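Here's the structure, in structure tokens; my notes come after.
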Amino acid sequence: RALATAQAANGGDRLIARRLPRILAAAGLRDITVRPFAYTSDEAGGAAALAPQLSPERLLPLVDQGTLPLTAYTRAMTAWNHFIAVNGFTLLLGFTVTGQAPPIP
Numbered sequence: 036r037a038l039a040t041a042q043a044a045n046g047g048d049r050l051i052a053r054r055l056p057r058i059l060a061a062a063g064l065r066d067i068t069v070r071p072f073a074y075t076s077d078e079a080g081g082a083a084a085l086a087p088q089l090s091p092e093r094l095l096p097l098v099d100q101g102t103l104p105l106t107a108y109t110r111a112m113t114a115w116n117h118f119i120a121v122n123g124f125t126l127l128l129g130f131t132v133t134g135q136a137p138p139i140p
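For the sequence shown, the working numbering gives the first residue as 36, with consecutive numbering after it.
And the structure:
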């Protein structure tokens, strides 16, 4: 939650894919499609390969800002290190949202 709150404070939206089709339609795009994609830690070469997406290290700026308590960060890092040690499995799901701009007159 702290990460989503921090991203929102900086104009980010972790759930934008849910609204993007309507945003594109309102902008005049047509033939809008939403396509899910998935990849696993096994495909990526192990859970450690997904550290940029999953490691609590990405939360350090929130600790520095005082948004996330150091104890919460420490618990998250302990859990992450255990997850890596046991070669944990994860599946990440994403979306591509596309649309076609109308012809230019």
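Built from N, CA and C at the ideal position, the CB exists for glycine as well.
Since the structure is predicted, the reported quantities are computational estimates derived from the model, not experimental observations.
(message) Just to confirm my understanding: we take residue 103, look at its own chain, exclude 5 residues before and 5 after, and list those with CB closer than 7 Å. What are they?
(response) As a first step, residue 103 must be located in the sequence shown, where it is residue number 68. Taking residue 103 as the centre and dropping the five residues before and after it, the same chain places the C-beta of 37, 94 and 97 closer than 7 Å to its C-beta, in chain order.
(message) Does residue 59 pass the burial test, meaning 16 or more other C-beta atoms within 10 Å, or should it be called exposed?
(response) Taking the sequence shown and counting its residues from 1, one reaches residue 59 at position 24. Buried, by the Cβ-count rule.
(request) Please go through the same chain and pick out, in chain order, the residues whose beta-carbon is closer than 7 Å to the beta-carbon of residue 69, but skip the five residues on each side of it. (result) The residue labelled residue 69 in the question sits at position 34 within the sequence shown. Same-chain partners within the cutoff: 56, 130 and 132.
(message) Could you tell me the alpha carbon to alpha carbon distance between residue 92 and residue 107, rounded to whole angstroms?
(response) Here residue 92 corresponds to residue number 57 of the sequence shown, with the count starting at 1. Here residue 107 corresponds to residue number 72 of the sequence shown, with the count starting at 1. About 12 Å.
(request) Would you tell me roughly how many angstroms separate the C-alpha atoms of residue 112 and residue 54, rounded to the nearest one? (result) Taking the first residue of the sequence shown as position 1, residue 112 is located at position 77. Taking the first residue of the sequence shown as position 1, residue 54 is located at position 19. Spanning the two alpha carbons is a distance of roughly 32 Å.
(request) Look at the Cβ atom of residue 1, then the Cβ atom of residue 122, and state whether they are nearer than 8 Å. (result) With the chain covering only 36 through 140, there is no way to say anything about residue 1.
(request) Answer with buried or exposed for residue 85, where buried requires no fewer than 16 other C-beta atoms within 10 angstroms of its C-beta. (result) Reading the sequence shown from its first residue, position 50 is the one you call residue 85. By the 10 Å Cβ count, residue 85 comes out buried.
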